[in-house]
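In our numbering, the protein residues as written are 156 to 770.
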């Protein structure tokens, strides 16, 4: 047992030693002209190389698996018996070197997980009820605990800032290195860094439950899973190895040519076929992880590569989900005073439209706000304030009509222009006079147009928007993007019906969403794609997660999935064609043990190098 562990630990060093022994033997053969010493060195190399291979073969047999290592072991023993020491040494070296390259490829692609794990915070500064701080393990924190993070520190938990401000580097979460300014009430994520400022954070998630923890978990799950091609090849190898053994036995029985039978065994080993698909799969997933794309296994890669119809939610997917002021129409002589009054009214509102308006006015530099009357909320309409001297109305058109505010033709034109643009409208009237018409809309993601264009060029045939928003707002967004169909004012179950309809028509459908209401559609589609900024439910349901929530990442993921599947097919073709040509050459007498083994093992290196191109 200890010897087995030692051999596994030092297998790479053993491979290097074999290479040195083979080179020394060749020097004795061709330069020093001492065949005896050269043969002895090759024999030693054969034995040393065969040991780890035979051990793997025996372990597999104990578990009732007939492995490729068994074929190689029998072939090497046979070559050793007939005195072909050079061939047996080269066979073991090339096989072990192929394993070494495969391990290097897997290690390189899995380094993304290791780097993420090393980046995960392990300690936090816990603040108790008396304001005292103490260093604790992250795993000892509970939801609701307060932790303090100082400049240069790493955020240990997911949570919300309860005091302080700072600039945060969230590259480990979003992939974007530009610092983000955050203050009271803003969400922060474990793994991000605070460049300057000191903040106190109320914990919402710890450890594996944080966004950062889920990223690590998703990458690990993805790289441990298999594609359909990999599962097929594993099953194929289980039957193929006994078949080659039987064929070799039959060749020996009918020809009595032991060397020929051994050659069949060696050349029949489908080493390139066995490792070709897993290496391509892991390399592709590794590339995705490096670029903020979490593919949940080979099935996700394979399914996405065949998609021809892309279905998208609007809010939070095509758009950022953040409301911004698109236009302000003023109908008084002092727009600045009116905007200050509007900001004073909206400052007490929790509505997203109110937040967008107050931010817009603050960004204009208007910070000196007047006193306004005490406000009452009118459900579904807005807010009303009246102190006997001044009546202020802020809300929708129905609020204006119910309070006898006159809508002039100029007012009507401004309102209709905003409606035609798909905006939500907030109006302000003072003493029955309409002063402001403000249009508020959701921002389109800045890379949506280029990303969707790239997807269409890569092979997506149809792009469809499904949204619960009103038709005007949906069509306004669609007109600015390369979208083929728009279906608006839909309930979640109606979105699912559309996805089922597209599938029934024979299309391969990908659904991209971010909210809880998108989860049924994400699960129903051939592949569900979740935005990394979306809800936990949407991310858990999705087959593929875009950590950066960008359409550039989506296009990269689609192109990468197609390249990964193509790469897998190339490797399968290379492996099968090599074995077929070698056996054909063996039958016609132009391929022998040495040349055939060299070509066979070289094919393993070819498929590994081919897969590494994906990185």
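Ideal placement from N, C-alpha and C gives every residue a C-beta, glycine not left out.
Item: Unbroken beta strand (DSSP E) run spanning residue 301, endpoints; Value: 301 to 304
Item: Sequence-distant residues of its chain with Cβ nearer than 8 Å to residue 583 (five each side left out); Value: 493, 496, 497, 500, 547, 548, 549, 589, 590, 591 and 593
Item: Check whether residue 703 and residue 687 have beta carbons under 8 Å apart; Value: yes
Item: Residue 247 - partner residues in DSSP beta bridges; Value: Answer is none; residue 247 lacks a bridge partner.
Item: Opposing strand residues paired with residue 584 [DSSP bridges]; Value: 548 and 589
Item: Alpha carbon of residue 291 to alpha carbon of residue 319, nearest angstrom; Value: 21 Å
Item: Residue 701 beta carbon less than 8 Å from that of residue 448; Value: yes
Item: Cβ neighbours of residue 640 in the same chain (closer than 8 Å, five flanking residues each side left out); Value: 617, 618, 619 and 620
Item: DSSP state of residue 267 mapped onto helix, strand, coil; Value: Below a pLDDT of 50, predicted positions are generally treated as unreliable, and residue 267, at 45, falls in that range; the measurement from the model is reported next regardless. In the structure shown, residue 267 sits in a helix (DSSP, three-state: H, G or I).
Item: Beta-carbon gap between residue 352 and residue 310 smaller than 8 Å; Value: no
Item: Exposed unless 16 or more other CB atoms sit within 10 angstroms - verdict on residue 340; Value: exposed
Item: Alpha helix (DSSP H) runs wholly inside the region 633 to 695, at least 4 long, in chain order; Value: 647 to 659 and 674 to 679
Item: Where the alpha helix (DSSP H) containing residue 462 begins and where it ends; Value: Premise fails: residue 462 is in no alpha helix (DSSP H) and is neither H nor E.
Item: Bridge partner(s) assigned by DSSP for residue 537; Value: 533 and 550
Item: Outcome for residue 545 when other beta-carbon atoms lying within 10 angstroms are tallied against a minimum of 16; Value: exposed
Item: Integer-rounded CB distance, given that residue 607 should sit under 8 Å from residue 713; Value: Contact doesn't hold; Cβ gap of about 11 Å is too wide.
Item: Residue 746 versus residue 734 - alpha carbon distance; Value: 12 Å
Item: Inter-residue spacing [alpha-carbon to alpha-carbon] between residue 705 and residue 227; Value: 48 Å
Item: Per-residue DSSP class, three states only, for residue 513; Value: helix
Item: 8 Å Cβ cutoff, residue 249 in contact with chain B; Value: Absent from the structure is chain B; it holds one protein chain and no more.
Item: Residue 402 vs residue 423 beta-carbon contact at 8 Å; Value: yes
Item: DSSP three-state assignment for residue 298, whether helix, strand or coil; Value: coil
Item: With 16 other Cβ atoms within 10 Å as the buried cut-off, status of residue 300; Value: buried
Item: Beta bridge counterpart(s) of residue 337 as assigned by DSSP; Value: 321
Item: Cβ neighbours of residue 399 in the same chain (closer than 8 Å, five flanking residues each side left out); Value: 226, 419, 420, 423 and 424
Item: Cβ-based burial, residue 629 [other Cβ within 10 Å; buried from 16]; Value: buried
Item: Residue 543 in three-state terms, based on DSSP; Value: coil
Item: Proximity of residue 439 and residue 769 at Cβ, strictly below 8 Å; Value: yes
Item: The alpha helix (DSSP H) enclosing residue 498, as first and last residue numbers; Value: 490 to 501
Item: Pairwise C-alpha distance: residue 354 and residue 307; Value: 12 Å
Item: Completely contained alpha helix (DSSP H) runs for the region 691 to 752, where each covers 4 or more residues; Value: 691 to 696 and 706 to 743
Item: Three-state secondary structure (DSSP) of residue 446; Value: coil
Item: As assigned by DSSP and simplified to three states, the class of residue 281; Value: strand
Item: Inter-residue Cα distance where the pair is residue 614 and residue 578; Value: 33 Å
Item: Where residue 625 sits in the DSSP three-state scheme; Value: coil
Item: Assumed close pair residue 444, residue 698 - CB separation to whole angstroms, cut-off 8 Å; Value: With a Cβ gap of about 15 Å, residue 444 and residue 698 do not count as contacting.
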